[in-house]
Amino acid sequence: GAGVSQSPRYKVAKRGQDVALRCDPISGHVSLFWYQQALGQGPEFLTYFQNEAQLDKSGLPSDRFFAERPEGSVSTLKIQRTQQEDSAVYLCASSLGSGPRAPGYTFGSGTRLTVV
Amino acid sequence: QQQVKQSPQSLIVQKGGISIINCAYENTAFDYFPWYQQFPGKGPALLIAIRPDVSEKKEGRFTISFNKSAKQFSLHIMDSQPGDSATYFCAASRANQAGTALIFGKGTTLSVSS
């Protein structure tokens, strides 16, 4: 596809449910980042993959958050036992290189998660 | 501790006017300062970016001014148009090392009235 694709666009989960959010990066992009954007705030870094290796997960807020990218392309962010404070837009970004200045650093439109 | 502070939170500008958004940063190791534009329901899109070795960068109606000694940078939108109405985020990052994430400000909601 032409851009970073995220699904679902919207997700409503009951408190305590597990959710899985998918990111399809631009084909050939080595790096993949997940960010969390709370309402009225800027995006905050969660985790980073270079190909299939998760090189930085320092931004994951708790051990209920887990991300994987097993074949170096599609990535899934999983949140277990969702809490109301997990309600946010989850953004995925991918790029050809390894940093924010790398060519093609592009964000997807995000998944809006609402925990009720 | 908020590493990138952005102001104002919201801004209303008349069509044709100049929109000015300011950011200040703490970490002197930052060396890449982009501005992103976000429309409702969309992800942030890169607008313009600057490195600290220059004091100003202009692309069309958008200009970044950078003051390294004050650790401040700003976005100027000249001849503001209703289509510029969006949320703008400043950001910063360290050198282009593997996995360096962007640190974002809290955003400025710009409304351009016609």
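Protein chains in written order, with my numbering: chain A, 7 to 122; chain B, 1275 to 1388. No residue lacks a Cβ here, since even glycine has one placed at the ideal position from N, Cα and C. Fair warning: this is a prediction, and the values are worked out from it, not measured in the lab.
CB contact check: residue i to chain A, cutoff 8 Å
i: residue 1302 of chain B; result: no
i: residue 1315 of chain B; result: yes
i: residue 1362 of chain B; result: no
i: residue 1279 of chain B; result: no
i: residue 1347 of chain B; result: no
i: residue 1326 of chain B; result: no
i: residue 1378 of chain B; result: yes
i: residue 1306 of chain B; result: yes
i: residue 1375 of chain B; result: yes
i: residue 1320 of chain B; result: yes
CB contact check: residue i to chain B, cutoff 8 Å
i: residue 54 of chain A; result: yes
i: residue 96 of chain A; result: no
i: residue 106 of chain A; result: yes
i: residue 71 of chain A; result: no
i: residue 109 of chain A; result: no
i: residue 34 of chain A; result: no
i: residue 93 of chain A; result: no
i: residue 13 of chain A; result: no
Secondary structure of residue i, DSSP reduced to three states
i: residue 74 of chain A; result: strand
i: residue 90 of chain A; result: helix
i: residue 30 of chain A; result: strand
i: residue 1305 of chain B; result: coil
i: residue 69 of chain A; result: coil
i: residue 1353 of chain B; result: coil
i: residue 1358 of chain B; result: helix
i: residue 1374 of chain B; result: coil
i: residue 1319 of chain B; result: strand
i: residue 20 of chain A; result: coil
CB of residue i within 8 Å of CB of residue j, strictly
i: residue 1376 of chain B; j: residue 1360 of chain B; result: no
i: residue 101 of chain A; j: residue 110 of chain A; result: yes
i: residue 44 of chain A; j: residue 60 of chain A; result: no
i: residue 75 of chain A; j: residue 38 of chain A; result: yes
i: residue 36 of chain A; j: residue 112 of chain A; result: no
i: residue 1380 of chain B; j: residue 42 of chain A; result: no
i: residue 1363 of chain B; j: residue 1318 of chain B; result: yes
i: residue 29 of chain A; j: residue 93 of chain A; result: no
i: residue 1382 of chain B; j: residue 1276 of chain B; result: no
i: residue 88 of chain A; j: residue 25 of chain A; result: yes
i: residue 121 of chain A; j: residue 21 of chain A; result: yes
i: residue 58 of chain A; j: residue 77 of chain A; result: yes
i: residue 1384 of chain B; j: residue 1320 of chain B; result: no
For residue j and residue i, believed in contact at Cβ under 8 Å, the rounded distance
i: residue 115 of chain A; j: residue 1316 of chain B; result: 5 Å
i: residue 79 of chain A; j: residue 31 of chain A; result: 7 Å
i: residue 1322 of chain B; j: residue 1333 of chain B; result: 5 Å
i: residue 1356 of chain B; j: residue 1386 of chain B; result: 5 Å
i: residue 23 of chain A; j: residue 117 of chain A; result: Between residue 117 of chain A and residue 23 of chain A the Cβ distance is about 15 Å, and since that is not below 8 Å, they are no contact.
i: residue 1354 of chain B; j: residue 1290 of chain B; result: 7 Å
**Request:** Please confirm if the stretch 1293 to 1308 of chain B is in contact with the stretch 51 to 70 of chain A, defined as three or more CB-CB distances below 8 Å between the two stretches.
**Result:** Taking a contact to require three or more Cβ pairs closer than 8 Å, the stretch 1293 to 1308 of chain B and the stretch 51 to 70 of chain A do not qualify as touching.
**Asked** Does the pairing of the stretch 1338 to 1357 of chain B with the stretch 1286 to 1296 of chain B give three or more beta-carbon distances under 8 Å?
**Response** At 8 Å Cβ cutoff, the stretches touch.
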